[in-house]
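This report refers to the structure that appears directly beneath it.
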Amino acid sequence: MREIAVVSGKGGTGKTTITASFAALAQNLVIADCDVDAPDLHLLLHPETVETQEFQGPKLAVIDKTKCIKCGSCKDSCRFDAITDAFEAVPFLCEGCGVCAIVCPEEAIDLKERISGHAFISKTKYGMLAHARLDPGEANSGKLVTLVRHNAKGIAEKAKHDLILIDGPPGIGCPVIASVTGVNAGLVVAEPTMSGIHDLKRALQLLNHFNVLPFVCINKSDINTENTGKIVDFCENKRLEVAGKIPFDPIVTEAMVAGKTVVEYSPTNMVSREIESMWKRILTA
Amino acid sequence: MILSIASGKGGTGKTTVAVNMALSLEDVQLLDCDVEEPNVHLLLHPTVNQEKLVYVSIPKVNEKLCDYCGKCADFCEYNALFVGPGRVLLFEELCHGCGGCAIVCPKEAIAEKKRKVGTVKTGVAGDVDLVYGELEVGEPMAVPVIRGVKKQATNDKTVIIDSPPGTACPVIESVYESDYCLLATEPTPFGLHDLKMTVQVLERLKIPFGVLVNNAGIGDRRVYEYCEDKGVPILLEIPFQRKIAELYSRGVPFVEKMPEWKNRFQKLLDDIERLV
Numbered sequence: 133m134r135e136i137a138v139v140s141g142k143g144g145t146g147k148t149t150i151t152a153s154f155a156a157l158a159q160n161l162v163i164a165d166c167d168v169d170a171p172d173l174h175l176l177l178h179p180e181t182v183e184t185q186e187f188q189g190p191k192l193a194v195i196d197k198t199k200c201i202k203c204g205s206c207k208d209s210c211r212f213d214a215i216t217d218a219f220e221a222v223p224f225l226c227e228g229c230g231v232c233a234i235v236c237p238e239e240a241i242d243l244k245e246r247i248s249g250h251a252f253i254s255k256t257k258y259g260m261l262a263h264a265r266l267d268p269g270e271a272n273s274g275k276l277v278t279l280v281r282h283n284a285k286g287i288a289e290k291a292k293h294d295l296i297l298i299d300g301p302p303g304i305g306c307p308v309i310a311s312v313t314g315v316n317a318g319l320v321v322a323e324p325t326m327s328g329i330h331d332l333k334r335a336l337q338l339l340n341h342f343n344v345l346p347f348v349c350i351n352k353s354d355i356n357t358e359n360t361g362k363i364v365d366f367c368e369n370k371r372l373e374v375a376g377k378i379p380f381d382p383i384v385t386e387a388m389v390a391g392k393t394v395v396e397y398s399p400t401n402m403v404s405r406e407i408e409s410m411w412k413r414i415l416t417a
Numbered sequence: 026m027i028l029s030i031a032s033g034k035g036g037t038g039k040t041t042v043a044v045n046m047a048l049s050l051e052d053v054q055l056l057d058c059d060v061e062e063p064n065v066h067l068l069l070h071p072t073v074n075q076e077k078l079v080y081v082s083i084p085k086v087n088e089k090l091c092d093y094c095g096k097c098a099d100f101c102e103y104n105a106l107f108v109g110p111g112r113v114l115l116f117e118e119l120c121h122g123c124g125g126c127a128i129v130c131p132k133e134a135i136a137e138k139k140r141k142v143g144t145v146k147t148g149v150a151g152d153v154d155l156v157y158g159e160l161e162v163g164e165p166m167a168v169p170v171i172r173g174v175k176k177q178a179t180n181d182k183t184v185i186i187d188s189p190p191g192t193a194c195p196v197i198e199s200v201y202e203s204d205y206c207l208l209a210t211e212p213t214p215f216g217l218h219d220l221k222m223t224v225q226v227l228e229r230l231k232i233p234f235g236v237l238v239n240n241a242g243i244g245d246r247r248v249y250e251y252c253e254d255k256g257v258p259i260l261l262e263i264p265f266q267r268k269i270a271e272l273y274s275r276g277v278p279f280v281e282k283m284p285e286w287k288n289r290f291q292k293l294l295d296d297i298e299r300l301v
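Those sequence lines, one after another, are chains C and W.
Here this note's numbering is used: the first residue of the first sequence is 133, the next is one more, and so on.
Here this note's numbering is used: the first residue of the second sequence is 26, the next is one more, and so on.
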């Protein structure tokens with residue numbers, strides 16, 4: 133089983149555009165949208181959901197006001213400042229650790245399960261899609277990503293597919309770590325901007341940390357050719373493969389507005405041709 | 026006044042807006058809460074005059090006192106501790122530092138030690154006070170570092186917070202207790218979808234908000250239609266211009282070369298102050 137993740141560090145560099153096109157080009161694969169707190173892949177792949185699962189995030193402390201004597205032990209012990217002066221746990225701040233419940237002398241605090249989102253298994257015309265949606269403002273996105281990847285593996289094993297394509301979230305924190313842990317290859321999509329270069333380097337460090345074979349894609353490569361040159365030089369020095377350079381083209385947004393992958397919307401466009409050759413390079417590596 | 030800038034989708038111009046707005050106003054403190062990928066300092070080139078390390082407390086088990094009863098592992102909601110016959114394993118990255126294991130240990134065998142997860146840097150760039158955080162690469166938890174950045178917030182200036190993308194806990198931590206939140210979006214289907222998710226976050230948090238449309242002119246009209254239906258004010262539009270994109274790519278805040286925008290950002294703050 134091979135798993136390939138598309139990540140970026142910086143947000144909005146084109147991960148989902150590229151992942152959707154890869155999905156349209158590939159065959160016999162399972163797709164996993166691991167950007168669970170701002171998932172967009174479904175807007176291009178138009179999935180039909182066949183299974184929905186509830187996702188339990190961190191528990192929530194619930195204080196029984198009839199038992200509470202307002203002694204303040206819970207508030208003093210909470211390291212997340214989640215208990216208010218009125219002795220209520222703030223759901224956004226409570227990490228569900230349970231310390232308040234064990235220090236409460238009146239046993240007035242219970243930890244309750246809470247549903248923080250849903251995971252889905254869906255059909256698309258390109259293959260099965262494992263995806264999810266974290267409820268807005270909830271925590272534990274890394275755990276939900278792990279569930280999505282678990283679902284994707286299950287589908288792939290059952291259907292005897294040997295490839296899983298992962299659309300990763302931006303950043304380098306827990307949902308990204310959950311998305312890249314144990315994958316074979318990671319494509320970092322970067323823009324040739326000062327921020328783009330900075331974030332690319334941090335994303336590459338992360339892949340290195342988790343022993344993932346890195347590839348680099350320079351998106352909108354012609355908006356600053358000097359910076360594109362810098363990224364190419366950097367990659368050569370580090371012996372990293374630049375898998376593709378995609379020029380800026382309004383066709384990408386046009387395809388998105390039409391709800392289509394760019395390789396299907398305009399197969400002969402330079403953007404589509406570059407994505408296709410990049411996909412071949414990654415697959416043969 | 027604390028004004029946070031958020032977006033849901035990444036790359037919609039949060040940092041561009043935060044930086045250019047800060048450069049257009051007086052008495053501003055800018056907090057870069059995107060500690061996974063902080064970029065404000067790349068545009069502002071601050072002189073850093075203070076660095077503070079951010080730690081979380083993790084358990085330190087004294088195996089001379091431990092009798093491997095397993096109560097600590099049973100208590101830990103994050104599965105950061107494993108107790109087997111004759112050994113205790115700690116998965117440091119999973120520990121949230123709640124301190125519960127030390128409380129439940131009947132043998133008082135658990136003390137705490139510090140573990141570095143990031144850095145908070147404080148500096149100045151011209152008239153702008155800047156605070157930014159950096160999460161260590163490989164560390165999963167951004168929230169303690171964001172908390173460290175927000176602790177540096179001042180009361181006597183306009184505070185602008187540059188939030189990370191997404192709609193999960195790092196965003197909550199960043200925008201929490203803001204007086205107003207400006208949502209940077211782009212007029213595309215992805216921009217709209219993630220805008221709607223972020224609106225739900227702010228409604229739950231009861232933070233008033235308005236929209237800034239960046240890269241106006243690309244995509245379609247659905248973001249505008251949504252805002253009109255929902256009664257969300259669109260406070261400013263920044264058109265898609267190659268010049269702005271090129272300046273950004275070189276790390277140059279566009280108000281420096283297009284000073285006519287300073288008035289627009291000043292007016293944006295005036296408009297927001299009237300809405301709060």
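Where a beta carbon is used, it is the ideal one built from N, C-alpha and C, also for glycine.
In this text the structure is predicted, and so the values were computed from the model without any measurement.
Nearest neighbour of Val129/W by Cα position, chosen from Asp99/W, Glu117/W, Thr147/W and His121/W, turns out to be Asp99/W. Around the beta carbon of Phe116/W, fewer than 16 other beta carbons lie within 10 angstroms, which makes this residue exposed. Residue-level contact by beta carbon holds for Lys34/W and chain C, with a gap shorter than 8 Å. Comparing alpha carbon positions, the residue from Val312/C, Val308/C, Val315/C and Glu358/C closest to Glu323/C is Glu358/C. At least 8 Å separates the CB of Ala322/C from every CB of chain W. Note on Thr400/C: under 16 other CB atoms within 10 angstroms of its CB, so exposed under the neighbour-count rule. Excluding sequence positions up to five before and after Thr360/C, its CB lies within less than 6 Å of the CB of Pro324, Ile350 and Ser353, all in the same chain and listed in chain order. Pairing Thr184/C with Val280/C, the inter-Cα distance amounts to about 11 Å. Contact annotation: Val315/C and Ile298/C have beta-carbon atoms nearer than 8 Å. Taking a C-beta distance under 8 Å as the contact criterion, Thr223/W and Ala105/W do not qualify as a contact pair. By the Cβ-count criterion, Met46/W is buried, with 16 or more other Cβ atoms from all chains shown falling within 10 Å of its own Cβ.
For Cys232/C, the secondary structure class from DSSP, reduced to helix, strand or coil, is helix. Within the region 142-163 of chain W, the residues whose Cβ lies closer than 8 Å to any Cβ of chain C are, in chain order, Leu160, Val162 and Gly163.
Of the residues Val194/C, Gly318/C and Gly141/C, the one whose Cα lies closest to the Cα of Phe347/C is Gly318/C.
If you look at His250/C, you'll find it in the beta strand (DSSP E) that goes Ile247 to Thr256. Here DSSP, grouped into helix, strand and coil, assigns Asn239/W to strand.
The beta carbon of Met133/C sits closer than 8 Å to those of Lys285, Ala288, Glu289, Asp294, Leu295 and Ile296, all from its chain and outside the five residues before and after it, given in chain order. Among the residues facing chain W, Ala288/C is not included, as its CB has no counterpart in that chain under 8 Å away.
Taking 8 Å as the CB threshold, Asp169/C lines the interface with chain W. Close partners of Ala178/W in chain C (Cβ separation under 9 Å) are lacking, with about 15 Å as the shortest Cβ gap. In this model, Ile247/C and Val65/W are separated by some 35 Å (Cα to Cα).
In this structure, DSSP gives Phe265/W a state outside helix and strand, which the three-state scheme calls coil.
As for any alpha helix (DSSP H) of minimum length 4 sitting wholly inside the region 43-78 of chain W, the runs are 65-69, ordered along the chain. Here Glu245/C has Gln188 and Lys191 as same chain residues with Cβ atoms under 7 Å from its own Cβ, once five neighbours each way along the sequence are excluded.
Listed by position along chain W, the residues whose Cβ is nearer than 8 Å to that of Asp331/C are Glu62 and Asn64. DSSP places Arg134/C within a strand segment (E or B) once states are collapsed to three. CA-CA distance, Cys232/C to Ile241/C, rounds to 7 Å. With a cutoff of 8 Å on beta-carbon distance, Val168/C and Ala264/C are scored as near each other. For the region 109-143 of chain W, the residues whose beta carbon sits under 7 Å from a beta carbon of chain C are, in order, His121, Gly122, Cys123, Gly124, Gly125, Ile128 and Val129.
Restricting attention to Pro195/W, Leu220/W, Thr213/W and Glu198/W, the CA atom closest to the CA of Leu207/W is found in Leu220/W. Gln185/C has Ala251/C as its beta-bridge partners, per DSSP. Look at Ser404/C here: in three-state DSSP terms it is helix. Counting along the chain, Cys206/W sits inside no alpha helix (DSSP H); it lies in the beta strand (DSSP E) bounded by residues Tyr205 to Thr210. Taking a C-beta cut-off of 7 Å against chain W, the contacting residues of the region 266-283 of chain C are Leu266, Pro268, Gly269, Glu270, Ala271, Ser273 and Gly274, listed in chain order. For Thr213/W, the C-beta contacts it makes with chain C under 8 Å involve Thr385, Met388 and Val389, in order along the chain.
Only His341, Ile355 and Asn356 from the region 339-356 of chain C bring a Cβ to less than 7 Å from some Cβ of chain W.
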